[in-house]
Amino acid sequence: MSQQHGGENNNQSAEQSPEQSADVQPARVVQSPSTSIWKVPGFTSTMVAIAAAFGAFSLLLPVLPLAVLDSGGSATLAGGATGSFMAATVAIQIFTPQLVRKFGYNPVMMASAFMLGVPALGHLLGMEPWVVLLFSALRGTGFGALTVAQSALIAELVPIRLLGKATGILGVFVGGAQMVFMPLGLMMGDAWGYHTVFYLAATTALIAVAMIIRLPKLFPATADEESSGVVQVSMWKLVLVPALAMTSISMSYGVVSAFLPASVREADPETGAVLAGFMLSLIGAMTFIFRLVSGTVADRTGKPGMLMIPMQFLGLFSMLLMATATFAGWSIWWLVLSALLFGAAFGGMQNEALLSMFDRLPRHKFSEASAVWNIFYDAGTGLGSLALGALVAGYGYGGTYLAAAGIVFMLIILTCMDAYIGKHRTTDYHHIRGRLRQVPGARTAGRAWRVSRRSASRLRFGKKP
1 MSQQHGGENN NQSAEQSPEQ SADVQPARVV QSPSTSIWKV PGFTSTMVAI
51 AAAFGAFSLL LPVLPLAVLD SGGSATLAGG ATGSFMAATV AIQIFTPQLV
101 RKFGYNPVMM ASAFMLGVPA LGHLLGMEPW VVLLFSALRG TGFGALTVAQ
151 SALIAELVPI RLLGKATGIL GVFVGGAQMV FMPLGLMMGD AWGYHTVFYL
201 AATTALIAVA MIIRLPKLFP ATADEESSGV VQVSMWKLVL VPALAMTSIS
251 MSYGVVSAFL PASVREADPE TGAVLAGFML SLIGAMTFIF RLVSGTVADR
301 TGKPGMLMIP MQFLGLFSML LMATATFAGW SIWWLVLSAL LFGAAFGGMQ
351 NEALLSMFDR LPRHKFSEAS AVWNIFYDAG TGLGSLALGA LVAGYGYGGT
401 YLAAAGIVFM LIILTCMDAY IGKHRTTDYH HIRGRLRQVP GARTAGRAWR
451 VSRRSASRLR FGKKP
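The numbering of the sequence shown is the UniProt record's numbering, which starts it at 1 and goes up by one.
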């Protein structure tokens, strides 16, 4: 009997029956039995490729708006560069699962890495609005497809017992690339001109393409033929709560990333001027550290998503501390502490939400899970900086942080309800217990076994049955 529900199916190998192999099947990878994640075929190359691709992205993220402003462009156009990039990102994320199923991971990731960096050379044409918006959107398509494909590819390559650590290491490489290449791009632009950053971004993206060529050729898993007679639960019923939980914490990140440096400078003009530039780096460091911690705990306990609610409470506490310190005018170091705690919560939630989605869905839905995670993550960050950011004028930084904490609290209630219901239900979505319910006599046999077990227990302790 095939088990295709969440984590149960993930330690199944990709072997096919003789009947299946008679047809032309997409290339699959038999997962490595190794206990070392670095010995899994293709894992190291994938990490290097992802680091290079995110390096190309991070080089231009802070540099392009500055290049627009320094060339005489308006602040609206500078913001529009990021806006067109993110709009294209979300649009392509919706269609990436279909592209991966049709063409496979390797072509999609090669094309996305190429598009993420090489169109940066188009900005050498100038900073006219059509140039800025067009080439930003082209780069956004590469970023969107890559973010979806990378997480799903990791889940395909790595055995389930190592999946938590694998997604944590993915976060380390992504976060490390951002911490290195963001300041590098700013330094190069200031010292040698923005054109040098554009050239480096294109070159770094080509390194990612070269590493992706080395990866094993594989397609996403397909639904097995037994599923034709099984009633399938809607994907959204299984992943909506983790997705919304991710959105709530990413909305807080949108607020924190936009306004915490300003809060620090306002709280202490002297010390804050020094610390403000490091606040987001501190959050980034804690984020990828706790992505790895979360993944390691999930692997050791075998319970993906176990830390989701604790991470939500930590995020709530950090935002309340941030709001209180701002309202009360406490020492700047309370804001630093709240930033560190928020980074830990943000990183843990990222990994817990993704692992929870992988655990709830069958393998052939992993690309959809990755797409949902990325869309809700990006949408939450944008909503936080725009919608919650609009509160700053009327309620100040403290009021905005408090509003973000309120959103996190509401999602904690929803997540707790989902966790409680999840302990008292099963789904027929390829779930072994759900299938046994359909077997004639299975319930009767189960009740008889429980009665006999209770009777044996009573006899053992000298009680009458």
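Backbone N, C-alpha and C define an ideal beta-carbon position, used for all residues, glycine too.
Sequence-distant residues of the same chain with beta carbon closer than 8 Å to residue 85, five excluded per side: 136, 137, 139, 140 and 143
- prompt: Can you tell me the Cα-Cα spacing of residue 184 and residue 59, whole angstroms?
  reply: 7 Å
query: Taking the alpha-carbon positions, what's the residue 269 to residue 126 distance?
result: 37 Å
- request: Return the CA-CA distance between residue 37 and residue 311, expressed in angstroms with no decimal places.
  value: Between residue 37 and residue 311, the C-alpha separation is close to 25 Å.
query: Exposed or buried, what is residue 128 when buried is set at 16 or more other beta-carbons lying within 10 Å of its beta-carbon?
result: exposed
message: Which runs of the alpha helix (DSSP H) at least 4 residues long sit entirely within the region 355-379? Give them in chain order.
response: none
task: Measure how close the beta-carbons of residue 171 and residue 300 come, nearest whole angstrom, since I'm counting them as under 8 Å.
output: The pair is not a contact, with the Cβ atoms about 17 Å apart (cut-off 8 Å).
field: Cβ neighbours of residue 315 in the same chain (closer than 6 Å, five flanking residues each side left out)
entry: Within the same chain, 249, 345 and 408 come within 6 Å of residue 315 by CB-CB distance, once the 5 residues on both sides are set aside.
- request: Measure the CB-CB distance between residue 68 and residue 132 and report whether it falls below 8 Å.
  value: yes
message: So, under 8 Å CB-CB, residue 287 and residue 168 are touching, yes? Tell me the CB distance rounded to an integer number of Å.
response: Between residue 168 and residue 287 the Cβ distance is about 11 Å, and since that is not below 8 Å, they are no contact.
- request: Could you pull out every residue in the same chain whose Cβ sits closer than 6 Å to the Cβ of residue 153, ignoring the five residues on either side in sequence?
  value: Counting only Cβ-Cβ distances below 6 Å, and skipping sequence neighbours, we find 105.
task: Could you please give the first and the last residue of the uninterrupted alpha helix (DSSP H) stretch that includes residue 192?
output: 163-192
query: Using 8 Å as the threshold, is the region 331-343 in touch with the region 204-218, meaning 3 or more CB pairs across them?
result: no
Candidates 369, 272 and 347: closest to residue 356 by CA position: 369
Cβ separation of residue 100 and residue 149, assumed to be a contact under 8 Å, to the nearest whole Å: Indeed they touch by this definition, with Cβ atoms about 6 Å apart.
field: Where residue 270 falls: helix, strand or coil (DSSP)
entry: Under the three-state reduction of DSSP output, residue 270 falls in the helix class.
message: Applying the 10 Å Cβ sphere with the 16-neighbour rule, what's the burial state of residue 387?
response: exposed
- request: Leaving out five residues on either side along the sequence, give the residues of the same chain with a beta carbon under 7 Å from the beta carbon of residue 398.
  value: 323, 326 and 327
- prompt: Taking Cβ positions, are residue 404 and residue 319 nearer each other than 8 Å?
  reply: yes
field: Residue environment, residue 225, which counts as buried when at least 16 other CB atoms sit within 10 Å
entry: Any reading at residue 225 needs caution, since the residue's pLDDT is 42, under 50, leaving its predicted position unreliable; the model's value is listed next. Under this definition residue 225 is an exposed residue.
field: Buried or exposed by the 16-neighbour rule on C-beta atoms within 10 Å, applied to residue 214
entry: exposed
message: Less than 8 Å between C-beta atoms, sequence neighbours within five positions excluded: which residues of the same chain meet that for residue 94?
response: So the list reads 371 and 375, once near-sequence residues are dropped.
query: If you drop the 5 nearest sequence neighbours on each side, which residues of the same chain put their C-beta closer than 6 Å to that of residue 349?
result: 249 and 311
task: Provide the residue span of the alpha helix (DSSP H) that contains residue 475, from first to last.
output: An answer regarding residue 475 cannot be provided, because it is not within the stretch 1 to 465 covered by the chain.
message: DSSP three-state label for residue 146, please.
response: helix
- prompt: So, helix, strand or coil for residue 39, using DSSP?
  reply: helix
- prompt: Leaving out five residues before and five after residue 385 in sequence, what residues of the same chain have Cβ atoms less than 6 Å from its Cβ?
  reply: 254 and 258
- prompt: Which one of 45, 82, 77 and 46 has the shortest CA to CA distance from residue 61?
  reply: 82
message: Assuming the contact rule is C-beta atoms closer than 8 Å, residue 402 and residue 245 should be a hit. Round their C-beta distance to whole Å, please.
response: Contact flag wrong, Cβ pair sits at about 19 Å.
- request: Let me know if residue 54 comes out buried or exposed under the rule of 16 or more other beta-carbons within 10 Å of its beta-carbon.
  value: buried
- prompt: For residue 58, does the three-state DSSP call read helix, strand or coil?
  reply: helix
query: By Cβ distance below 7 Å, which residues in the same chain neighbour residue 241 in space, the five residues on each side in sequence not counted?
result: Same-chain partners within the cutoff: 414, 415 and 418.
- prompt: Can you name, in chain order, every residue of its own chain whose Cβ lies under 7 Å from the Cβ of residue 247, other than the five neighbours on each side?
  reply: 376, 379 and 380
message: Helix, strand or coil, according to DSSP, for residue 338 in the structure here?
response: helix
message: Is it buried or exposed, residue 146, if we count other Cβ atoms within 10 angstroms and call 16 or more buried?
response: Buried.
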